[in-house]
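Visitor: Just so you know, we're using my numbering here: the sequence shown kicks off at 346 and counts up by one.
The beta carbon of each residue, even a glycine, is placed where N, CA and C say it ideally should be.
Computed from a predicted structure; not experimentally measured.
Input: one structure, supplied below.
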Amino acid sequence: MALSLMLKKKYKQKRDTLFNELISSNDGFKFNNHHTKLVDSIVREIVESINQKYHVEDFSLIAVGGYGREDLSPKSDVDLLFLYKKSNKNIKNLITELNNNLWDVGLEVGISFLTLKQAIIDSKKDIKTVTKFAESRHLIGDEDYYGEFVRSIKILIGRMNPLKLSEKKLLELVERHDYYLGIKSNLEPQIKEGIGGLRDIHTIIWVSIFMFNILKLEDLIQINIFTSKEIKELRSAWKFLLTVRAFIHLFNDSKGDSLSIENQLKISKKLSYRNNQKEKGVERFMKHLFV
Numbered sequence: 346m347a348l349s350l351m352l353k354k355k356y357k358q359k360r361d362t363l364f365n366e367l368i369s370s371n372d373g374f375k376f377n378n379h380h381t382k383l384v385d386s387i388v389r390e391i392v393e394s395i396n397q398k399y400h401v402e403d404f405s406l407i408a409v410g411g412y413g414r415e416d417l418s419p420k421s422d423v424d425l426l427f428l429y430k431k432s433n434k435n436i437k438n439l440i441t442e443l444n445n446n447l448w449d450v451g452l453e454v455g456i457s458f459l460t461l462k463q464a465i466i467d468s469k470k471d472i473k474t475v476t477k478f479a480e481s482r483h484l485i486g487d488e489d490y491y492g493e494f495v496r497s498i499k500i501l502i503g504r505m506n507p508l509k510l511s512e513k514k515l516l517e518l519v520e521r522h523d524y525y526l527g528i529k530s531n532l533e534p535q536i537k538e539g540i541g542g543l544r545d546i547h548t549i550i551w552v553s554i555f556m557f558n559i560l561k562l563e564d565l566i567q568i569n570i571f572t573s574k575e576i577k578e579l580r581s582a583w584k585f586l587l588t589v590r591a592f593i594h595l596f597n598d599s600k601g602d603s604l605s606i607e608n609q610l611k612i613s614k615k616l617s618y619r620n621n622q623k624e625k626g627v628e629r630f631m632k633h634l635f636v
């Protein structure tokens with residue numbers, strides 16, 4: 346309890362500093378990257394402490410999904426995979442303590458604990474699982490075991506047929522677009538799941554991973570999928586959406602991603618969209634968002 350209280354104070358102070366930097370920089374990429382590193386340090390400190398009480402050997406704690414991508418907005422889920430080799434009575438206790446401590450710090454947490462074999466079996470059954478595991482980072486524990494996990498996921502993707510996996514992700518995109526069409530979507534757009542939102546950019550990344558084993562947008566230039574100008578424009582849009590999303594989370598103190606009318610006014614002011622003779626600042630902000 347003492348550790349979680351100390352880390353909660355540390356997290357709040359450093360996150361507030363990041364928020365102040367966000368206000369001056371309007372850089373959602375920078376915020377998410379630094380926020381990810383802050384959470385990394387907290388996760389490692391908690392695990393090191395708990396592992397002294399509930400000792401577990403031959404494990405690797407892995408960041409997956411958006412957290413694995415170093416793309417952690419203020420209220421994004423901290424998705425973790427605890428990969429272990431042999432069953433140990435201490436594993437469940439360690440996971441429970443880790444989960445409770447992270448919740449006490451104020452983080453939204455999702456933890457899976459699996460053997461490598463179980464992780465592969467789960468990935469075969471569910472495209473969302475293999476997608477999440479395809480974006481990963483080692484946090485603490487056995488790095489060689491993590492390397493084995495990465496290689497196994499890459500091999501699995503090849504066996505599952507990259508083209509079919511990509512088609513499924515594109516079908517998800519179409520279904521999302523159909524769902525979010527409508528007046529409500531336009532008045533209070535969904536920054537993450539809505540049309541032209543963050544999920545559309547994520548879909549490009551996921552298809553790139555499946556088809557070309559490419560994790561960075563810039564590498565798509567080399568294989569003539571996008572031009573450097575297109576990547577620059579995509580990066581700019583991504584940065585803008587991440588910035589808006591960060592403000593939504595911080596203003597709402599929750600992980601909802603709908604841009605309410607109230608927050609449109611607040612965020613447009615934070616981003617220095619001023620009224621002029623032709624139109625209000627918030628109107629220009631929303632035009633920028635949609636265009």
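Near G413, what residues of its chain come up, given a Cβ to Cβ distance below 6 Å and the 5 sequence neighbours on each side ignored?
Guide: Result list for G413: E480, S481 and R482, in chain order.
Visitor: Applying the 10 Å Cβ sphere with the 16-neighbour rule, what's the burial state of S370?
Guide: Exposed, since its Cβ has fewer than 16 Cβ neighbours within 10 Å.
Visitor: Quick one: Cα of F427 to Cα of F458, how far?
Guide: About 4 Å.
Visitor: Pick out whichever of L350, L560 and G601 has its Cα sitting closest to the Cα of G451.
Guide: With distances taken between Cα atoms, G451 lies closest to L350.
Visitor: Let me know the secondary structure DSSP gives S405 once reduced to three states.
Guide: Reduced to three states, the DSSP call for S405 is strand.
Visitor: If you draw a straight line from the alpha carbon of V552 to that of F478, how long is it in whole angstroms?
Guide: Rounded to the nearest angstrom, the two C-alpha atoms are 14 Å apart.
Visitor: Looking at L565 and F555, is the spacing between their C-beta atoms short of 9 Å?
Guide: No, the pair does not count as a contact, with Cβ atoms beyond the cut-off.
Visitor: Taking only runs of the alpha helix (DSSP H) that begin and end inside the stretch 544-611, which ones reach a length of at least 4 residues, in chain order?
Guide: If we require 4 residues or more, the alpha helix (DSSP H) runs fully inside the stretch 544-611 come out as 573-597.
Visitor: Whose CA, out of F585, E402 and I407, lies closest to the CA of K632?
Guide: Residue F585 is the option with its Cα nearest to K632.
Visitor: Thinking C-alpha only, which one of Q535, L516, Y524 and H400 is nearest I549?
Guide: Comparing Cα positions, the closest option is L516.
Visitor: Under 8 Å by Cβ, that's how I've got R360 and P419 pegged, so tell me the actual separation to the nearest angstrom.
Guide: About 7 Å separates the two Cβ atoms, so the contact holds.
Visitor: Below 8 Å on the Cβ atoms is my guess for R671 versus I536; work out the distance and round it to an integer in Å.
Guide: Given that the chain is displayed from residue 346 to residue 636, the structure contains no residue 671 and the question cannot be resolved.
Visitor: Tell me whether H400 sits in a helix, a strand or coil according to DSSP, three-state version.
Guide: Three-state result, H400: coil.
Visitor: Our contact map puts V401 next to L439 with C-beta atoms below 8 Å; I'd like the distance itself, whole angstroms only.
Guide: Right, the Cβ-Cβ distance comes to about 6 Å (below 8 Å), so this counts as a contact.
Visitor: Is it the case that the Cβ atoms of L595 and D416 are separated by a distance below 9 Å?
Guide: Cβ atoms of L595 and D416: not closer than 9 Å.
Visitor: So what does DSSP say about Y618, is it helix, strand or coil?
Guide: Note: Y618 maps to coil in three-state DSSP.
Visitor: Considering only their Cβ atoms, is the gap separating E493 from L461 smaller than 9 Å?
Guide: In this structure, E493 lies closer than 9 Å to L461 by Cβ.
Visitor: What span of residues does the alpha helix (DSSP H) with I485 cover, start to end?
Guide: Looking at the DSSP string, I485 is not in any alpha helix (DSSP H); the run it does join, the beta strand (DSSP E), is S481 to G486.
Visitor: Compute the Euclidean distance between the alpha carbons of I648 and S613, then round it to the nearest angstrom.
Guide: Outside the displayed span of the chain (346 to 636) sits residue 648, for which this structure offers no information.
Visitor: Thinking C-beta only, is S581 closer than 9 Å to I593?
Guide: For I593 and S581, no; Cβs fall outside 9 Å.
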